[in-house]
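Enquirer: What follows is a structure written as structure tokens; I'll ask about it next.
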Ligand SMILES: Cc1cc2nc3c(=O)[nH]c(=O)nc-3n(C[C@H](O)[C@H](O)[C@H](O)COP(=O)(O)O)c2cc1C
Ligand code: SF4
Ligand code: SF4
Ligand code: FES
Ligand code: FES
């Protein structure tokens, strides 16, 4: 047996199934793929059946059970990157190597793949590159030459203005160091309060979750604190994979200590010393920055008994769904669980768990230091506090913006994003799981309540802007492919519906009689009968387009 | 009324049910039949197929009757327009992917819900070659509906053998062994429980399959004899 692998395995000696994803990552980084002999060895060490390990490798697209090229280049072909000619880059790369997407060159040097959105939509087109034995790299504004020769393409998203709180008055390109951030004043203040007082402050602030489901954060913590069972967990959901969404990446890459302090405050509030940040596998830079920041904070003695662990996902949008995320940490296929029971009573490892979005946790330290009334003074009664949005597509300045909810979408696009480039055709709110707004509808105030009333949503905070040069059928097809690729396959409505939907979207230019009704029935069936939020929203954009752009169908 | 009993209405009938009883159980007590595909008494229910969905109080989403507990004073409809649309569409989409010729119960469900077998033309089917890799049974995953029952009985629901898993995801999901090795190379002990719970013709005893192929008695015996010998050699 390979010595490397034995050494890697030795690091996980004595652990159980929860070590599976980290161990598979280490093996694959060293070897490029995971072989039957290695699965055999891992099976013995972690006491997991070989078939199960094989099934786990097969679930996560960043894991490979077959040999791959020494370098794997994955080019994003989701809607925003498509506007930036990502298809041409992919074809050029493939043409130069004389292979098709999905294939490996004969010399074993390159594997080329499509990728779903990499959270770099503001600096499109994006790619994720893995080279054996090296850390993965996410690259921006890529060209075929940059991908094959230059290895250039680091990125920086300038964001924030002098008033920004979450974005701290504007971001520098380097991550904010502990010295610049400060010594966790919010945490110190909280430790002089009881946990119940901290929770009461968060409740009073009106903070509602920024991950998409819009659940009140204080209430979630209260339930978790009150639930029986130990140890409890705080889990930070950093799986950010909704197409068009990159605000959490920007927070993690530039303000890592804000997230760590927020996580520590959550742990103090619910009563635990265990926090886990689950970050998508496509965010290698943010992963490294967080790990460095944790070491920095621990060395400075700021975390006390608290352990904050970073866990890396491996290519599965569904693992942003909170219960699928738990399954991934537990070393399983990322299947959502049936609810109830809810995470606050039965979460990670079956224990009470508070799971929160990155931005939600980042809002906590300023609430504690400045007070709930400060938070309420920004935004509206129903949408308290500063809110981040990710803007991509046809605006002068795509990027992450901190808004005071209540500003209209029109004013926001004009004043903060430098205006729409070209003639506006549609705005897709909330990402692939979202809905379209027409140019006549963009006076809607950006608040949870007004958007809901307009039949729209903040969702993940993604705002994708399309001008009249955009082929909306192509956009819909790419969204359909995204869901077909990302459905976990657990329940029939979504497993079958995402496939049937994309088959019809592929022929939108020459539809069969009855296709409209088929799309409608598929969309309603996924929405009403699926297990989880992925299926519930997988037909949303299509059904929204059928209503707003009937001519497309 | 005893404390552990609740009342609700199902399709307009007043029903009392034990606390914690599923809607499926309460409906069955009333003689109301709700169709099921993935549900089986012997396996942990996972709420996969969703042909059992019902409307509870006109809620935003439908509820899977096989796992959803009866709620006190709720109004359940098992057959209204929303329910039938989902049920019919699921069956139509399934029929477009999977060979259901040897699943008479699912075919009956399609007729009961006016499902059109041709509803989704030019659909990509879940194709698979017949796998004949052991002396006891054959596997034809072109007939597999992904009810998970075989995987479950092979694992914690009965046998604790763990020969099977699910591979890939979404519409490409497939039941398989580790690295698709043959059954005789896998931990499979040929207990046959998977065959017993399969709702379609995907898993079939070799003799039955041989008879369908029109093999005569000698050939059938040869099938199993060869099998036994191979098994002895391995032991
Ligand atoms: C398919 C799917 C993907 C999701 N992805 C994310 C994600 O990437 N990040 C996130 O915070 N929440 C995501 N969510 C929502 C989470 O399930 C959960 O509601 C959220 O993490 C709770 O945090 P919050 O209360 O702070 O918003 C997703 C939900 C679904 C159904
Ligand atoms: S809705 Fe889709 S993603 Fe969610 S459980 Fe069902 S198949 Fe999986
Ligand atoms: S082979 Fe049969 S029992 Fe196994 S998942 Fe498929 S249909 Fe179900
Ligand atoms: S990075 Fe390509 S669409 Fe988001
Ligand atoms: S029988 Fe209820 S989901 Fe399959």
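Residue numbers (my numbering), protein chains in the order written: chain G, 29 to 581; chain H, 445 to 679.
Glycine residues also receive a C-beta, built at the ideal position from the N, C-alpha and C atoms.
Just so it is clear, the structure is predicted and the values come from calculations on it, not from any experiment.
In terms of residues, what are the limits of the beta strand (DSSP E) holding residue 457 of chain H?
Expert: Segment 457-462, the beta strand (DSSP E) holding residue 457 of chain H.
Enquirer: Quick one: residues in its chain with C-beta nearer than 8 Å to the C-beta of residue 612 of chain H, no 5 flanking neighbours on either side, listed in chain order?
Expert: Contacts found: 618.
Enquirer: Answer yes or no: does any C-beta atom of chain H fall closer than 8 Å to that of residue 564 of chain G?
Expert: True, the Cβ-Cβ gap to chain H drops below 8 Å.
Enquirer: With a threshold of 7 Å (Cβ to nearest heavy atom), would residue 517 of chain G be considered close to ligand 2?
Expert: For ligand 2, at least one heavy atom lies less than 7 Å from the Cβ of residue 517 of chain G.
Enquirer: Under 8 Å between the Cβ atoms of residue 468 of chain H and residue 592 of chain H?
Expert: No, these two residues do not count as a Cβ contact at 8 Å.
Enquirer: In chain order, which beta strand (DSSP E) runs of at least 3 residues are fully inside the stretch 467-512 of chain H?
Expert: If we require 3 residues or more, the beta strand (DSSP E) runs fully inside the stretch 467-512 of chain H come out as 497-500.
Enquirer: How big is the Cα-Cα spacing for residue 457 of chain H and residue 487 of chain H?
Expert: The straight-line gap from Cα to Cα measures roughly 30 Å.
Enquirer: With 16 as the cutoff for other CB atoms within 10 Å, does residue 486 of chain G come out buried or exposed?
Expert: Result: buried.
Enquirer: Can we count residue 593 of chain H as close to ligand 3, meaning its CB is less than 7 Å from some heavy atom?
Expert: Flag set: Cβ of residue 593 of chain H near ligand 3.
Enquirer: List the endpoints of the continuous beta strand (DSSP E) containing residue 306 of chain G.
Expert: Unbroken beta strand (DSSP E) run through residue 306 of chain G: 302-307.
Enquirer: Give the DSSP-derived three-state secondary structure of residue 142 of chain G in the structure shown.
Expert: Here residue 142 of chain G sits in strand by DSSP.
Enquirer: Would you say residue 267 of chain G touches ligand 1, meaning its beta carbon is less than 7 Å from a heavy atom?
Expert: Yes.
Enquirer: Tell me residue 494 of chain G's beta-bridge partners as DSSP assigns them.
Expert: BP columns for residue 494 of chain G point to G:454.
Enquirer: Tell me whether residue 109 of chain G sits in a helix, a strand or coil according to DSSP, three-state version.
Expert: Three-state result, residue 109 of chain G: helix.
Enquirer: DSSP on residue 419 of chain G, reduced to helix/strand/coil?
Expert: In this structure, residue 419 of chain G counts as strand in the three-state DSSP scheme.
Enquirer: Starting from residue 464 of chain G, trace the beta strand (DSSP E) in both directions and tell me its first and last residue.
Expert: Note, residue 464 of chain G: beta strand (DSSP E), 463-465.
Enquirer: Any residue with its Cβ nearer than 5 Å to a heavy atom of ligand 4 should be included. What is that list in chain order?
Expert: Having a Cβ closer than 5 Å to some heavy atom of ligand 4 are G:104, G:106, G:108, G:109, G:145, G:146, G:148, G:149 and G:154.
Enquirer: Let's test the definition: count the other Cβ atoms within 10 Å of the Cβ of residue 463 of chain H and tell me whether it reaches 16, buried, or not, exposed.
Expert: With fewer than 16 Cβ atoms within 10 Å of its Cβ, residue 463 of chain H is classed as exposed.
Enquirer: Three-state secondary structure (DSSP) at residue 672 of chain H?
Expert: Low confidence applies to residue 672 of chain H: its pLDDT is 46, below 50, so where it sits in the model is not reliable enough to give any reading.
Enquirer: Report the residue ranges of all beta strand (DSSP E) runs contained in full by the stretch 369-437 of chain G; include only those spanning at least 3 residues, in chain order.
Expert: Listed in chain order, they are 381-385, 415-421 and 427-431.
Enquirer: So does residue 240 of chain G have its beta carbon nearer than 7 Å to some heavy atom of ligand 2?
Expert: It does not: the Cβ of residue 240 of chain G is nowhere closer than 7 Å to a heavy atom of ligand 2.
Enquirer: Using 10 angstroms around the beta-carbon of residue 535 of chain H, count the other beta-carbons present and answer buried if the total reaches 16, otherwise exposed.
Expert: With 16 or more Cβ atoms within 10 Å of its Cβ, residue 535 of chain H is classed as buried.
Enquirer: For residue 248 of chain G, which residues in the same chain have their Cβ closer than 7 Å to its Cβ, ignoring the five residues on either side in sequence?
Expert: Closer than 7 Å at the Cβ level, and outside the excluded window around residue 248 of chain G, lie 372 and 382.
Enquirer: Would you call the CB atoms of residue 524 of chain G and residue 553 of chain H closer than 8 Å?
Expert: Not a contact, by the Cβ cut-off of 8 Å.
Enquirer: Report the three-state DSSP secondary structure of residue 539 of chain H (helix, strand or coil).
Expert: Here residue 539 of chain H sits in helix by DSSP.
Enquirer: Run through the DSSP bridge pairs and tell me what residue 158 of chain G is partnered with.
Expert: According to DSSP, residue 158 of chain G bridges with G:100.
Enquirer: Report the rounded CA-to-CA distance for residue 327 of chain G versus residue 320 of chain G, giving the unit in angstroms.
Expert: Roughly 11 Å separates the two Cα atoms.
Enquirer: Let's test the definition: count the other Cβ atoms within 10 Å of the Cβ of residue 453 of chain H and tell me whether it reaches 16, buried, or not, exposed.
Expert: It counts as exposed.
Enquirer: Once the 5 residues before and after residue 257 of chain G are set aside, which same chain residues still bring their CB inside 6 Å of it?
Expert: Taken in chain order, the residues that qualify are 379 and 380.
Enquirer: Note the first and the last residue of the continuous beta strand (DSSP E) segment covering residue 223 of chain G.
Expert: Segment 223-233 is the alpha helix (DSSP H) holding residue 223 of chain G; no beta strand (DSSP E) there.
Enquirer: Report the option in G:53, G:68 and G:72 whose CA atom is closest to the CA atom of residue 41 of chain G.
Expert: Answer by Cα proximity: G:72.
Enquirer: By the three-class DSSP mapping on this structure, what secondary structure does residue 199 of chain G have?
Expert: Residue 199 of chain G: coil per DSSP, three-state reduction.
Enquirer: Using a Cβ-Cβ distance cut-off of 8 Å, determine whether residue 579 of chain G contacts chain H.
Expert: No, its Cβ sits nowhere closer than 8 Å to a Cβ of chain H.
Enquirer: CB-CB under 7 Å to residue 550 of chain G, same chain, minus the five flanking residues each way: which ones, in chain order?
Expert: Counting only Cβ-Cβ distances below 7 Å, and skipping sequence neighbours, we find 525, 528, 529 and 567.
Enquirer: Taking contact to mean at least 3 C-beta pairs separated by less than 8 Å, is the stretch 307-324 of chain G in contact with the stretch 280-289 of chain G?
Expert: A contact exists between the stretch 307-324 of chain G and the stretch 280-289 of chain G.
Enquirer: Do the CB positions of residue 569 of chain G and residue 507 of chain G come within less than 8 Å of each other?
Expert: For residue 569 of chain G and residue 507 of chain G, yes; Cβs fall inside 8 Å.
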